[in-house]
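Residue numbers (the numbering used here): 33 to 1006.
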């Protein structure tokens, strides 16, 4: 019971919930008095204040001295701006809080799984960060420790490429390149064996750098041609969208690979690609001998039976066991004894018959007899130097020398793709071709209207580009119009083929998936069903939390699912992520519902996303992860709100909110924060955090002085959000012209940040520099701007993190602008916007855009300034708060006044009207630009009857008429 309360510390847990969690089915007949008895015993053993009784239940206070909190806080307090020795010391201190390797050791998973996985993942990241610091040390003992730590991480997480790269770096620095190469070889072997993929770019690059200092060698073999005379199947329709894959497989054979296995999920087109490869080989300038064998429906249980069956179908002269025994000495050792088989071995007989052959054998549907095929392939490769094998199988063979060629579904167009991109997308091309076969569409995609192409592109996306699914939809097109096809694609498992001659396993997606899933181990099938709750790609750690398995069982299940292509690998950077195709997810969800585990798994999913970023500061990793799993976070939030789990819902909302703030997505944030704040039983700390988040999203503070006091009190043991509160309060005071109050908030925030939240120091210093500049303290402002840049450990935007690019550097730019350095300010802001887009794929926020607009205006470039102000006012990341809109409108008006634009006066008038209505004032340097513009163009305020919403709509209308594209890369030339 203590573990339940500690894992939910700071949050009351009703006695009924404790009974259900701790006693389970044994709770029948027990009353809350049982819980009270155990609580009394805990108080006697551990102190009266450990467990507090409230009206809502029992709780362990958040300020209780829990080692898990000390560990997480120490990790959070490390900052990239610190010197390496200090960071290493903090990380060692954090890791010193651990006892053993498992959080909540001895407590059942069902009570603490999400918290356990969160803490263990945080420990892994801390150990990785410590090893990254040590590997760059000049002390060989530190580098040796980095190697030991990284090898331990590899042992615990065998598919973690980042840990393997770190170990390679450490071994190389210790002058042990052979060990580094062996680490890579082990990683490559595990990835190929378990997932059928090669290492990612970082590992491959490190390996290439090592090989640049190592000699290489190659071996080739030649043989004589012995034609076997079996023909390829003749396709009934042209292939679409597989031209490049055909060429790649042929190239692999040309490069010397003798066993290429084409793998992929059922219905992806493996058999068709195999036939196309055969056709390409026979039609080449120097045609190769090609033969074909299909194993569909074969019932051979071992390699001996398979070898005999193939030899018979090919008409090869393989002697019977009795004849081979009589002829053993005549044939010599090479025919039997040397390869380790007895004289009656059918495998040895087939190898002997093919020993002089020079041909490429195409083996289709090897999944019917995977183990026998693997054994036979190994024997043929070893004993027949002229034989090359191309195998189509739902899973790799696992044979030495095998080159796995994963076949992905056809590429689909992006939701925002242009018409030409939709026409050329392989999945759309296949769908159009199959529709044309049935007379349901023109054979040329160029003849289709944009509406029809949009519908077909949506079908392709919903079916993940899976060829079988596209063909099944096309088969039903005679009873539906093209715009109606997306509705059919919403029910892919219900589609059945109406065509004569199609393989029974491929007459419906349900049949295809059932055949694949039915061959998995029971535990793997259960894991697949649980994974159906993920809406986005997921990591192995997340899979473990949702499936409820230990690390080894999770890894084994994922490896089996990936090997059979039931889950797809989704590489992002050098991390491994998995995803389910929509059709597979639908099928897996049916399995989950059938087993009656849906609600339990959904709850684990929600608890994991509540825990994963709990109490974490804003980092690039958080922004990237929440962006990548945004849908999963929303699903978790909806589930927790439905369960009235207020504090867990707040955890998810806060993680989402940090992402929304970062990209200035105000609308969703305001909606969801309001819903969570309205949930009963929300603890004071979570309430305070959400109030700050909501104010930041609304770009204005909506609390009274008394509420401010309550918020601050609730955050007394939360340095991260205390700094956020001080920063928000300072910005609000600055916008209202209360410079002294802003400075007070910043000084208080800096005291907390320097002591307990160093990641906030740079932004607070930069904000103080803005305040200094507003007071006319130019030298002090410049010093603060320089200090903020130094604390981010960057001398240019090229080295900044995404968080620094869009939080710290924009404030540095404003300070430089107000301190009389407009060109330097523009350079910083322009670089921040460009680097955020180029390196992180994040559009410049409205805050960056409006500040860049003022800087461009100050350097005499009104056209460029107009474009920046337009970006702050139009689009998905536009301002929503009246004060911010007023500032941007004023800037847009000032920029247009410089070009004598007729809209300038109205923009200037509306901008001032909005600023007055919100009680905000412009900084002195900005106000001077506006005053000069009013002298030129005048100012036309809106009618008194207008609302702020109407004024905003008019601003967007005016700006939209003259919106110009800003191209930061050419800005300096203007």
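Backbone N, C-alpha and C define an ideal beta-carbon position, used for all residues, glycine too.
Inset, instruction - Count the other C-beta atoms from every protein chain shown that fall within 10 angstroms of the C-beta of residue 397, then say buried if there are 16 or more, exposed otherwise. - result: Buried.
Inset, instruction - Specify whether the region 430-445 and the region 306-314 touch according to this definition: at least 3 beta carbon pairs, one from each stretch, less than 8 Å apart. - result: Pairwise C-beta distances place the region 430-445 out of contact with the region 306-314, as fewer than three of them are shorter than 8 Å.
Inset, instruction - Sort 502, 583, 108 by Cα distance to residue 26 and report the nearest one. - result: No statement about residue 26 is possible, as the shown extent of the chain runs from 33 to 1006 and does not include it.
Legend entry - Candidates 225, 229, 502, of which the one nearest residue 469 by Cα: Ranking 225, 229, 502 by Cα distance to residue 469 puts 502 first.
Legend entry - 6 Å Cβ shell around residue 789 - same chain, five flanking residues per side excluded: If we look at residue 789 and ignore the five residues flanking it on each side, its Cβ neighbours are 751, 752, 755.
Inset, instruction - Under 8 Å by Cβ, that's how I've got residue 658 and residue 613 pegged, so tell me the actual separation to the nearest angstrom. - result: Beta-carbon to beta-carbon, residue 658 and residue 613 are separated by about 23 Å, too far to satisfy the 8 Å threshold.
Inset, instruction - Could you pull the start and end residues of the alpha helix (DSSP H) that residue 67 belongs to? - result: Unbroken alpha helix (DSSP H) run through residue 67: 64-78.
Legend entry - Simplified DSSP state of residue 874, which is helix, strand or coil: If DSSP states are grouped into helix, strand and coil, residue 874 belongs with coil.
Inset, instruction - Could you please give the first and the last residue of the uninterrupted beta strand (DSSP E) stretch that includes residue 396? - result: Start and end: 391-396.
Inset, instruction - From the DSSP output, read off the bridge partner residues of residue 846. - result: DSSP lists no partner for residue 846.
Inset, instruction - Name the two residues that bound the continuous beta strand (DSSP E) containing residue 421. - result: That run of the beta strand (DSSP E) goes 419-425.
Legend entry - Status (buried if at least 16 other CB within 10 Å, exposed otherwise) for residue 254: Confidence in residue 254 is poor, its pLDDT being 31 and thus under 50, which makes the residue's placement unreliable; the coordinate value appears in the next sentence. Residue 254 comes out exposed.
Legend entry - 8 Å Cβ cutoff met for residue 569 and residue 587: Residue 587 sits away from residue 569, with the two beta carbons spaced by 8 Å or more.
Legend entry - For residue 322, the three-state DSSP class (helix, strand or coil): It is a strand residue.
Legend entry - Beta carbon of residue 88 nearer than 8 Å to that of residue 44: If you check the CB distance, residue 88 and residue 44 come in under 8 Å.
Inset, instruction - Check whether the Cβ atoms of residue 684 and residue 641 lie closer than 8 Å to each other. - result: Contact: yes.
Legend entry - Same chain, Cβ closer than 8 Å to residue 889, neighbours up to 5 away in sequence not counted: Within the same chain, residue 889 has close Cβ partners 897, 923, 926, 927, 930, 961.
Inset, instruction - Using a threshold of 8 Å, state whether the C-beta atoms of residue 816 and residue 847 are closer than that. - result: With respect to residue 847, residue 816 sits close: the two C-beta atoms are nearer than 8 Å.
Inset, instruction - Return helix, strand or coil for residue 253, following the three-state DSSP convention. - result: Note that residue 253 scores 28 on pLDDT, short of 50, meaning its location in the model is unreliable; the coordinates nonetheless yield the value given after this. The answer is coil: DSSP assigns residue 253 none of H, G, I, E or B.
Legend entry - CA-to-CA distance, residue 327 to residue 335, given in whole angstroms: In a straight line, the C-alpha of residue 335 is about 13 Å away from that of residue 327.
Legend entry - Contact under 8 Å by Cβ, residue 876 with residue 903: With contacts defined by Cβ atoms closer than 8 Å, residue 876 and residue 903 form a contacting pair.
Inset, instruction - Run through the region 745-797 for me and flag every whole alpha helix (DSSP H) of 4 or more residues, listed as ranges in chain order. - result: Correct list: 751-767, 771-788.
Inset, instruction - Return the residue from the list 737, 674, 732, 742 that minimises the CA-CA distance to residue 712. - result: The option with the nearest alpha carbon to residue 712 is 674.
Inset, instruction - Can you say whether residue 625 is buried or exposed, counting buried as having 16 or more other CB atoms within 10 angstroms of its CB? - result: So residue 625 counts as exposed.
Legend entry - Three-way DSSP call (helix, strand, coil) for residue 913 in this model: In this structure, DSSP gives residue 913 a state outside helix and strand, which the three-state scheme calls coil.
Legend entry - Burial state of residue 295, where buried means 16 or more other Cβ atoms lie within 10 Å: Answer is buried; the Cβ neighbour count reaches 16.
Inset, instruction - Look up residue 291 in the DSSP assignment and give the residues it is bridged to. - result: Paired residues: 421.
Inset, instruction - State the DSSP-derived secondary structure class of residue 540, mapped to helix, strand or coil. - result: In this structure, residue 540 counts as strand in the three-state DSSP scheme.
Legend entry - Under the three-state DSSP convention, the category residue 90 falls into: In the three-state reduction of the DSSP assignment, residue 90 falls in the strand class.
Legend entry - Cβ-based burial, residue 214 [other Cβ within 10 Å; buried from 16]: Exposed, because fewer than 16 other Cβ atoms sit within 10 Å of the Cβ of residue 214.
Legend entry - Selection from 226, 225, 219 that minimises the alpha carbon distance to residue 234: Considering only alpha carbons, the answer is 219.
Inset, instruction - Measure the C-alpha to C-alpha separation of residue 776 and residue 762 and round it to an integer number of angstroms. - result: Cα to Cα, the separation comes out at about 8 Å.
Inset, instruction - Could you tell me whether the region 199-218 touches the region 162-175, where touching means 3 or more Cβ pairs closer than 8 Å? - result: Enough Cβ pairs lie closer than 8 Å, so yes.
Legend entry - Assigned secondary structure, residue 824 (DSSP; H/G/I helix, E/B strand, else coil): Of the three classes helix, strand and coil, the one that applies to residue 824 here is coil, per DSSP.
Legend entry - Cβ pair residue 593, residue 544 closer than 8 Å: No; because the gap between Cβ atoms is not below 8 Å, this pair is not in contact.
Inset, instruction - Kindly indicate the opening and closing residues of the alpha helix (DSSP H) around residue 518. - result: Residue 518 -> alpha helix (DSSP H) spans 517-521.
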